[in-house]
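Residue 121 in my numbering sits at position 120 of the sequence shown, with consecutive numbering throughout. Heads up, the beta-carbon is just placed ideally off N, CA and C, and yes, glycines get one too. Step one of this worksheet: look at the structure below.
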Amino acid sequence: MEFIIDTVDLEEIKDAVEHMPIVGVTSNPSIVKRTSPAKFFDHMREIRNIIGKERSLHVQVISKDCETIVKEAHRILEEIDNQVYIKVPVSYEGVKAIKILKSEGINVTATAVYDLMQAYMALAAGADYIAPYVNRIGNLGSDPMELINELSNRIAMDGYDCKIIAASFKGVQQVRDSFNYGAQAITAPVEVLKAIFKNPNIEKAVDDFNSDWYAMYGEGTGIC
Ligand code: E4P
């Protein structure tokens, strides 16, 4: 089970990797726009410094045609490092690019997945991660969990070395369902992951435990 964060905000990333079991960072151009770093690659290298090589960094290409997607992928790897996962939208040109990048041994995250057949194409092309867009699929009136479940079954049945990284989240329930229906990874905004702990019962339980301790041993006492 992998928790990944969908942000390029440096303070948010530092805080999240320190407090939660975060194993990677993803973004897309719209997410980058929210932070609008002056120098894109300096910023991405800064993220790598914060998260280290033990966590995955997924960086998205911009172009729509295969040739330029492949060039952009090479530039991203040169500027950051060769462990980066290149995020490629699963368009007709994108699948062609995924095949080329995989033949070169490059890590690929197939993104902008709305449909099972699109996911199967990315799977057969060799993507390492496939990102179904949970909230956006739901907004279109389809069931993202059916897609995740069927894709997960197919990966297991055919023995593919590929993980589902469910994406596009607006709430905790979508994240929980994604894991339960078979996603190995999720990438979510930090505020969605923090919302897991926004349950007043948790705070009340901790307060009750504290007051029982102090009632026994007195205020100001502790275990250490
Ligand atoms: C992953 O990085 C996706 O690009 C992202 O989760 C999409 O999220 P959105 O649907 O909120 O734009």
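The continuous alpha helix (DSSP H) containing Pro-145 extends over residues 145–159. DSSP places Ile-87 in the strand class (E or B) of the three-state scheme.
Contact between the segment 138–158 and the segment 92–106 is not established, with fewer than three Cβ pairs separated by less than 8 Å.
In the structure shown, the three-state DSSP call for Glu-3 is strand.
Shown here, Gln-175 sits in a helix according to DSSP, grouped into three states. In the structure shown, Val-62 falls within a coil segment according to DSSP collapsed to helix, strand and coil. Between Ile-52 and Ile-81 a beta carbon distance of about 11 Å is seen, past the 8 Å cut, so the two are scored as non-contacting. Below 8 Å, enough C-beta pairs join the segment 148–159 and the segment 174–184 to call them touching: three or more. Here Thr-188 is buried. Its C-beta has 16 or more other C-beta atoms within 10 Å.
By the neighbour-count definition (other C-beta atoms within 10 Å, threshold 16), Arg-56 is a buried residue. Boundaries of the beta strand (DSSP E) harbouring Tyr-130: 130–133, taken from the DSSP string.
In this structure, the CA atom of Cys-225 is about 40 Å from the CA atom of Lys-171. The DSSP-derived three-state label of Gly-139 is helix. The beta carbon of Met-2 lies closer than 8 Å to those of Phe-180, Gln-185, Ala-186 in the same chain, with the five residues before and after it left out.
Within 10 angstroms of the beta-carbon of Asn-29 lie 16 or more other beta-carbons, which makes it buried. If you draw a straight line from the Cα of Ala-98 to the Cα of Glu-204, it comes to about 49 Å. Here Ile-5 is not near Val-33, since their CB atoms are 9 Å or more apart.
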